[in-house]
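Report on one structure; see the data block that follows.
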Amino acid sequence: MVLYISRRQIAPREDPHDWNSWAHYLTIHESRLRSHPFVEGDNLTFRSQDEEGLRLLGTVQCQKNVLLAVRKWYDTRYSGTLLRVRGRVYVYVAWLPGEHLLLKYHNLHRDRDEYHHRVYDPLTGEEVFHEILERYQFPVMTEVLDELQVLTRDL
């Protein structure tokens, strides 16, 4: 039996992806990634895109040979001299190398306010769950890692 986690029941709340100072965002990102029990390493890098804002690209290596590709685009703005960032486009794709997909979260469709969550059977790769989320229901990266850890518990 595949255990998946629906996020549709999350009640309206403050947007967890809203504007944040760059320094604070980076501190949280690094500390949570380094302390997550499912993470074994990563090659994530932030890249400035000038007028395009900022991007985060790379892969997180997890336990049980799970890989998580991360692609995020951020809007940037200054408040005085303080650089602030806010997520705009998100892509999280997890898979077992040489086998199949495990999990997808993204907002890559024409409507960027449509956040997709797809779960695949960890043994077969068959899609077993799909839902469309509101922005406030969309997970932060550590929540994606938590879900992957639960999803792959029997591998």
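One rule links them: number in our numbering = place in the sequence shown (from 1) + 2. Every residue, glycine too, gets a C-beta built ideally from N, C-alpha and C.
>> What does the alpha-carbon distance come out to for the pair alanine 71 and arginine 120?
In response: Straight-line Cα distance between these residues: approximately 15 Å.
>> Taking the straight line between their C-alpha atoms, what separation do you get for isoleucine 134 and histidine 31?
In response: In a straight line, the C-alpha of isoleucine 134 is about 25 Å away from that of histidine 31.
> With DSSP run on the structure shown, which of helix, strand or coil describes serine 37?
Replying inline: Shown here, serine 37 sits in a helix according to DSSP, grouped into three states.
>> My output table needs one value for aspartate 113: the three-state DSSP class, helix, strand or coil.
In response: Residue state, collapsed to three classes: coil.
> Taking just the CA atoms, how far does leucine 69 sit from tryptophan 21?
Replying inline: C-alpha separation (whole angstroms): 28 Å.
> Can you list, in chain order, the residues of its chain whose CB lies under 8 Å from that of leucine 46, leaving out five sequence neighbours each side?
Replying inline: Sequence-distant Cβ neighbours of leucine 46 in its own chain, meaning closer than 8 Å and more than five residues away, are Leu35, Leu58, Leu59, Gly60, Thr61, Val62 and Val72.
>> I'd like the span of the beta strand (DSSP E) that includes threonine 78, first residue to last.
In response: Looking at the DSSP string, the run of the beta strand (DSSP E) that includes threonine 78 is 69 to 81.
> Given tryptophan 75, which residues of its chain have a CB within under 7 Å of its CB, disregarding the five upstream and five downstream residues?
Replying inline: Only residues of its own chain outside the window of five on either side were considered, and among them Gly55, Arg57, Arg90 and Val91 have a CB closer than 7 Å to the CB of tryptophan 75, listed in chain order.
> How close, in whole Å, do the beta carbons of histidine 19 and threonine 144 come, if the pair is a contact with beta carbons under 8 Å?
Replying inline: Taking C-beta atoms under 8 Å as the contact rule, histidine 19 and threonine 144 fail to qualify, at a distance of about 13 Å.
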